[in-house]
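*Asks:* This structure is in structure tokens; I'll ask about it shortly.
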Amino acid sequence: MKASSDVIIIGAGIIGCLIAHRLAKKGLRVTVVEKECPGEEASWAAAGMLAPQSEAAHGLGGRFSELCFASHRLYPDFIAELEEETGIKIGYHTTGSLFVASDYVEATALAGLLERQQAAGRPAEELSAQQVRELEPALAETIQVGVYLPDDHHVDNRVLMRALVAGAAARGVEFLAETPVVSLAFDNSRVAGIRIPERVLSADVVVNAAGAWAGLVDQTNQIRLPVRPVRGQMVRLELRPQPLHHLVHSSGCYLVPWPDGRVLVGATVENVGYNKDVTAHGIRQLLDGAVQIVPSLDSAPIREVWAGLRPDTEDNLPILGTGRVSNLVVAAGHFRNGILLAPITAQLITELITIGEPSISLDPFSPNRFEV
Numbered sequence: 288m289k290a291s292s293d294v295i296i297i298g299a300g301i302i303g304c305l306i307a308h309r310l311a312k313k314g315l316r317v318t319v320v321e322k323e324c325p326g327e328e329a330s331w332a333a334a335g336m337l338a339p340q341s342e343a344a345h346g347l348g349g350r351f352s353e354l355c356f357a358s359h360r361l362y363p364d365f366i367a368e369l370e371e372e373t374g375i376k377i378g379y380h381t382t383g384s385l386f387v388a389s390d391y392v393e394a395t396a397l398a399g400l401l402e403r404q405q406a407a408g409r410p411a412e413e414l415s416a417q418q419v420r421e422l423e424p425a426l427a428e429t430i431q432v433g434v435y436l437p438d439d440h441h442v443d444n445r446v447l448m449r450a451l452v453a454g455a456a457a458r459g460v461e462f463l464a465e466t467p468v469v470s471l472a473f474d475n476s477r478v479a480g481i482r483i484p485e486r487v488l489s490a491d492v493v494v495n496a497a498g499a500w501a502g503l504v505d506q507t508n509q510i511r512l513p514v515r516p517v518r519g520q521m522v523r524l525e526l527r528p529q530p531l532h533h534l535v536h537s538s539g540c541y542l543v544p545w546p547d548g549r550v551l552v553g554a555t556v557e558n559v560g561y562n563k564d565v566t567a568h569g570i571r572q573l574l575d576g577a578v579q580i581v582p583s584l585d586s587a588p589i590r591e592v593w594a595g596l597r598p599d600t601e602d603n604l605p606i607l608g609t610g611r612v613s614n615l616v617v618a619a620g621h622f623r624n625g626i627l628l629a630p631i632t633a634q635l636i637t638e639l640i641t642i643g644e645p646s647i648s649l650d651p652f653s654p655n656r657f658e659v
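Written as structure tokens, this is what we have:
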């Protein structure tokens, strides 16, 4: 019997939606199943930073860093393509990141970041306290030193998701919203589809792009996906005229400015399970960090607070490709880099499904690495 879809994708975040868009562009019949509404979990809650240089501050290099930069290079054409398809203007800025330090410990950490960037041949500039304030006059007088990374960008992720869902739907992708996946449906050693309430959907290929819930999809335990949720709380302030012109990172927070006066302040990192509560402690921590580096934000009105669940893994690397079940593809575990890594993830997963061989090896990110 012919499958109802060529590909079923579990999860309608940016990863699942962009894979769907790319597969539909190749002529495949694609169904995306989402337990809530498309684009309203981690992809909605993100800050929209496209910051492969900044990720070096977290110590993940090697093949992961290469993947980040490869995806970063795809972004300008991706945004232009989606804007042309949908007529939706997606905010995209290329102003770079400024890391700042207010004491010796923070300055030492920045020196390490600068050294790693320069050793990798990436553009990075050390700034004195005076140069920092010339670049960003609103920054506090306590800042002693800075590092400027020009290749970091940012995108309005909420507008991006709205455009991406519209673009995928226009290409024929079917979205099943508010539809939880009960389990995978197996036929011997292959996955035959998914079970949703009251029926089974069949497909030749199933893609698990369920974000922080990816490890809960297979209740048969045939595949172990150690993905866990990590809560990130955020605040949106508003101040006009906009006091900042670059992404700003300190030890206490990061700030994402937009020309309309929005300043996003993020983000907490909390292991609290599937709890998306916004807490007084978390918001106070973010506001204290923001005001410490930009004192004028103390008078900025709070316009919004929220929390999302990032999908983290045991080794902090994404899970990409197939494991023991050859037609079950995983695209999950992107942690804080789902927005950044979406274009390259979609490209490689599309290549894997349509021609059987991705243009970049997925071996370092294979689901099999967790098998005992």
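In our numbering, the protein residues as written are 288 to 659. Every residue, glycine too, gets a C-beta built ideally from N, C-alpha and C. Since the model is a prediction, treat every value here as computed from it, not as a measurement.
Can you tell me whether A367 is buried or exposed? The criterion is at least 16 other CB atoms within 10 Å of its CB, across all chains shown.
*Replies:* A367 is exposed by the Cβ-count criterion.
*Asks:* Quick check: the region 449-459 against the region 372-379, are there 3 or more CB pairs under 8 Å?
*Replies:* The region 449-459 is in contact with the region 372-379.
*Asks:* Going straight from the alpha carbon of Q529 to that of V446, what length do you get?
*Replies:* Their backbone Cα atoms lie some 20 Å apart in a straight line.
*Asks:* Below 8 Å between beta carbons: does that hold for P582 and A427?
*Replies:* A contact, by the Cβ cut-off of 8 Å.
*Asks:* If you reduce the DSSP assignment to three classes, tell me which class L471 lands in.
*Replies:* Three-state result, L471: strand.
*Asks:* Using the Cα positions of V522 and D599, report the straight-line distance between them to the nearest angstrom.
*Replies:* Looking at the two C-alpha atoms, the distance is approximately 22 Å.
*Asks:* Quick one: what does DSSP say Q404 is sitting in, helix, strand or coil?
*Replies:* Three-state DSSP puts Q404 in a helix.
*Asks:* Taking A594 as part of the beta strand (DSSP E), name the residues at either end of that continuous run.
*Replies:* That run of the beta strand (DSSP E) goes I589 to T600.
*Asks:* Output the distance between the C-alpha atoms of D564 and G595, rounded to the nearest integer angstrom.
*Replies:* Distance between the alpha carbons of D564 and G595 is about 9 Å.
*Asks:* E644 to I636, Cα distance in whole Å?
*Replies:* Roughly 9 Å between the two C-alpha positions.
*Asks:* Any idea what DSSP makes of V446, helix, strand or coil?
*Replies:* Three-state result, V446: helix.
*Asks:* Which one of V442, A497, P424 and A554 has the shortest CA to CA distance from V468?
*Replies:* Closest by alpha carbon: A497.
*Asks:* Are S613 and S291 touching if we call contact CB-CB under 8 Å?
*Replies:* No, these two residues do not count as a Cβ contact at 8 Å.
*Asks:* Please list, in chain order, all residues of the same chain as P516 whose beta carbon is under 6 Å from its beta carbon, the five residues on each side excluded.
*Replies:* Correct list, in chain order: A499, Y561 and L596.
*Asks:* What does DSSP give as the partner residues of H536 in its beta bridges?
*Replies:* Paired residues: F386 and Y541.
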